[in-house]
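Numbering (this note's numbering), first residue to last: 35 to 312. Take a look at the structure set out below.
Next up, the structure:
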């Protein structure tokens, strides 16, 4: 429904395997990858283990898994357009070359900076406040532990086993002075405070898009109750129904808005009656 396919997945997965193999094979392999992807610092940047782990472990192209907009107009701006591009390119080039073509369009000219140490320095500075980035990672390190990895035994299409939970711990320590033990304690404190899967609050509706990777952390399906209802928005990404209303919004986005509205009104009716009587 969002335009992905098994063939597209395989191209992304195979491309990352090709990149990892070349980088690990020789200096010539690093030079080939650096040239294809226009890496700042060339093969020297790929000679640093942490640079490689962060870059290929998080994906050498941006795939809007949690922010997919089916109605966007720009080139390769959503999953469907990225997949169409990759499959069409695949006729005449390798999977790695296809990914490089996407990456270079997304980077739009400048070389790609993959320096892990520069990222750490940026996150430790006030400049990382842009777009709420610093506060988001602060919340991740001090409350929820929303760390994204690409495990060896996962179906993640990026280079598996490279970017690990320890790299996230390093970011927490460098940016905020929060060490691993405090991260783990904070996560448990958050679960204890809110209740985790056994949350006791009522009149809480959990709405999730079924193609939103964050939905695995939410109360969904049979985890819901009468006082904690759930709703799946089919084919919809991360809280897309909270965005401004557009004519291009699909039926499922509109339906999610209606379900939330109707449920909240139903909960509020008894209180509005009390106010009127008063």
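Ideal Cβ positions, reconstructed from N, Cα and C, are used throughout, including at glycine.
Residues near residue i by beta carbon distance below 7 Å, same chain, minus five either side
i	result
residue 84	150
residue 178	221 and 224
residue 263	239 and 297
residue 199	181 and 183
For residue i, three-class secondary structure by DSSP
i	result
residue 381	The question about residue 381 has no answer here: the residues shown for the chain are numbered 35 through 312.
residue 226	helix
residue 208	helix
residue 49	helix
residue 82	coil
residue 146	strand
residue 73	strand
Straight-line Cα distance separating residue j from residue i
i	j	result
residue 219	residue 203	13 Å
residue 39	residue 102	15 Å
residue 241	residue 58	43 Å
residue 134	residue 117	14 Å
residue 86	residue 93	11 Å
residue 188	residue 47	12 Å
residue 295	residue 76	53 Å
residue 125	residue 114	18 Å
residue 104	residue 274	11 Å
residue 96	residue 140	8 Å
residue 174	residue 180	5 Å
residue 163	residue 170	9 Å
Beta-carbon contacts of residue i that lie in its chain and below 8 Å, excluding the five residues immediately before and after
i	result
residue 138	71 and 72
residue 255	264 and 266
Neighbourhood of residue i by C-beta distance below 6 Å, restricted to the same chain and skipping five residues each side
i	result
residue 53	67, 90 and 130
residue 236	261
residue 209	157 and 158
Whole-Å CB distance - residue i paired with residue j, under 8 Å assumed
i	j	result
residue 246	residue 100	6 Å
> Can you list the beta strand (DSSP E) stretches of 3 or more residues lying completely in the region 159-217, in chain order?
Replying inline: none
> Fully enclosed by the region 214-295, which beta strand (DSSP E) runs are 3 residues long or longer?
Replying inline: 240-243 and 264-267
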